Amino acid sequence: MTTNLYTRQDPAYKKALLLIILSAIASYMLKHGPQPLVPLITAEFSLTPAQGSLVVAAEMLGMSTVLLLVIILADYLDRKWLPALGLLLAAFLGFIISISPSFPLIVGLRYVQGILLGTFPALMVTYINEEFSPKLAGSLIGIYLGSTAGGGLLGRFSTTLLSGYFSWRQSFFILALVCLVVAAAFCLWFPASRFQPAEKHLGSLHRTILPLLTNKSLLLLGWIGFTLMGTFAAIYTYITFVLMAAPYSLPKTILASIFLMQLCGSISSAVSGRLIDKWGSPVILRASLLIMAAGSLITLGLPLACKFVGLGVFIAGVFGSHVAATSWIGQLPGVSKAPATSLYMLFYYVGGSVLSVVGGLCYHAWNWPGVILLILVCVALSLAALFQLNRTWQKATTAA
């Protein structure tokens, strides 16, 4: 790869940074925007909450599918054009979903949309690591992840607000239109990757894959990622059911404000990135997981304020944990950055797909306390994984 890395003085720096932010926002608007529409889709097609959650789960499963391919082929993939075309085509699929007549078709299209959007996360983090000075990479990854949080916020907030005035189909159409504009700008003006693909045959891919599958630290981080997106998807999918029902019965125009809580994720991402430089990923990851647990418990309170405050605290913990885990991957010895990041993202989105459905089963069986129980079990298991990860990490660093 190139040694001529971007610094703040390079003319391409500001343009690349702006488009990284905008494209991250757009891709995650399209990814998470349909989540608040699940109750409306559920009502239209006479579905259970768990069935309706397939709109969310299918997209995450699609992301997981393509991330599996990225793990294998990362060294051969263009860092600009694959994500650019993925975002562009995903926006077009948004238009088709908005007019789709059947629920199974919507689920299938969301799966394909997930495949297209899945080209974005791992390759953008890899682009930052490969194209920018190491002095900038950590903060830029924090900015990127904060932008994805902002995109999730804007997607959920806008579709919730729009659905108060338009149908869920019209809301989906408007969301796709916004993303199409950003995708076109990304294609036109984002600096091309200067990464040179590895000169090796596909037969040697086992040399890339085996170190990933035998790296205990990476697999433990992957499990933590699994619980992060999974619990995040579960809490955001089913809290809308709680707040639309008695005793709250919030109208959609007010319900939209709950998604402003994702600003806590944007702030947490930026703050965590700086704190990691000072105290290290293990400390910040542990603290962030405990913050997740505390936030989820707060939402059990009956007052409406508990739902909002608890959700904000929980989201801050999720994104703090995500930044810490992602940063830790870059420090793992003996693995290639792009495939390692892709494997983590694979666990991350599989967790979102699996636990969003499991959350629906818990909600159906035990209502909101069932969702919180699921979250607390996942946090406890992640803390156990972190304990083991710390032991493995300390042994590796001592041996080095």
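Numbering (the working numbering), first residue to last: -18 to 381.
Idealized CB from N, CA, C, for every residue including glycine.
All figures in this text were calculated on a predicted structure; none of them were measured in a lab.
Under three-state DSSP, which class holds residue i?
i    : result
Y108 : helix
Y330 : helix
F26  : coil
Y146 : coil
Y229 : coil
T307 : helix
K181 : Note that K181 has pLDDT 47, beneath the 50 cutoff, so the model's placement of it is unreliable and no number is given.
Taking the alpha helix (DSSP H) that residue i falls in, what are its first and last residues?
i     : result
K(-5) : P(-8) to H13
D258  : L244 to W260
K61   : Where K61 is concerned, there is no enclosing alpha helix (DSSP H), given that its DSSP letter is neither H nor E.
Y217  : K197 to M225
Q94   : F84 to L98
G312  : The sequence given here places Gln at residue 312; Gly does not occur at that position. Counting along the chain, Q312 falls outside any alpha helix (DSSP H), and DSSP gives it neither H nor E.
Q16   : Q16 -> no alpha helix (DSSP H), and no H or E assigned at all.
R150  : W149 to W170
G282  : Taken as a continuous stretch (DSSP letters only), G282 belongs to no alpha helix (DSSP H), as it is neither H nor E.
L42   : L35 to L54
For the ligand PLP, I want to know if residue i counts as a neighbour, meaning its beta carbon is within less than 8 angstroms of at least one of the ligand's heavy atoms.
i      : result
L(-14) : Among the ligands in the structure shown, none appear at all, so the ligand PLP cannot be discussed.
I believe residue i touches residue j by the beta-carbon criterion, under 8 angstroms. Please report the beta-carbon distance rounded to the nearest angstrom.
i    : j      : result
T307 : L134   : No, T307 and L134 are not in contact; Cβ-Cβ is about 19 angstroms, not under 8 angstroms.
S363 : L231   : The pair is not a contact, with the Cβ atoms about 31 angstroms apart (cut-off 8 angstroms).
Y325 : P30    : That pair is no contact at about 29 angstroms.
G254 : G75    : No, G254 and G75 are not in contact; Cβ-Cβ is about 31 angstroms, not under 8 angstroms.
M225 : P20    : 6 angstroms
S262 : A321   : About 14 angstroms; that fails the 8 angstroms criterion.
C343 : V352   : 5 angstroms
V37  : A214   : 6 angstroms
M423 : Y217   : Given that the chain is displayed from residue -18 to residue 381, the structure contains no residue 423 and the question cannot be resolved.
S114 : L(-14) : 5 angstroms
S302 : M273   : 7 angstroms
A130 : G246   : 3 angstroms
I2   : S148   : Their Cβ separation, rounded to whole angstroms, is 30 angstroms, which puts I2 and S148 out of contact at 8 angstroms.
S79  : A157   : 7 angstroms
If contact is defined by three or more beta carbon pairs under 8 angstroms, each pair taking one atom from either stretch, is the region 161 to 178 in contact with the region 62 to 75?
yes
Are the region 312 to 330 and the region 89 to 109 in contact at 8 angstroms, needing three or more beta carbon pairs?
yes
At a cut of 8 angstroms, does the region 136 to 145 reach the region 49 to 58 through at least three beta carbon pairs?
no
Is the region 149 to 160 touching the region 9 to 24 in the sense that three or more CB pairs, one from each, lie closer than 8 angstroms?
yes
Is it the case that the region 194 to 205 contacts the region 308 to 317, given that we only count it when at least three CB pairs across the two stretches are under 8 angstroms?
yes
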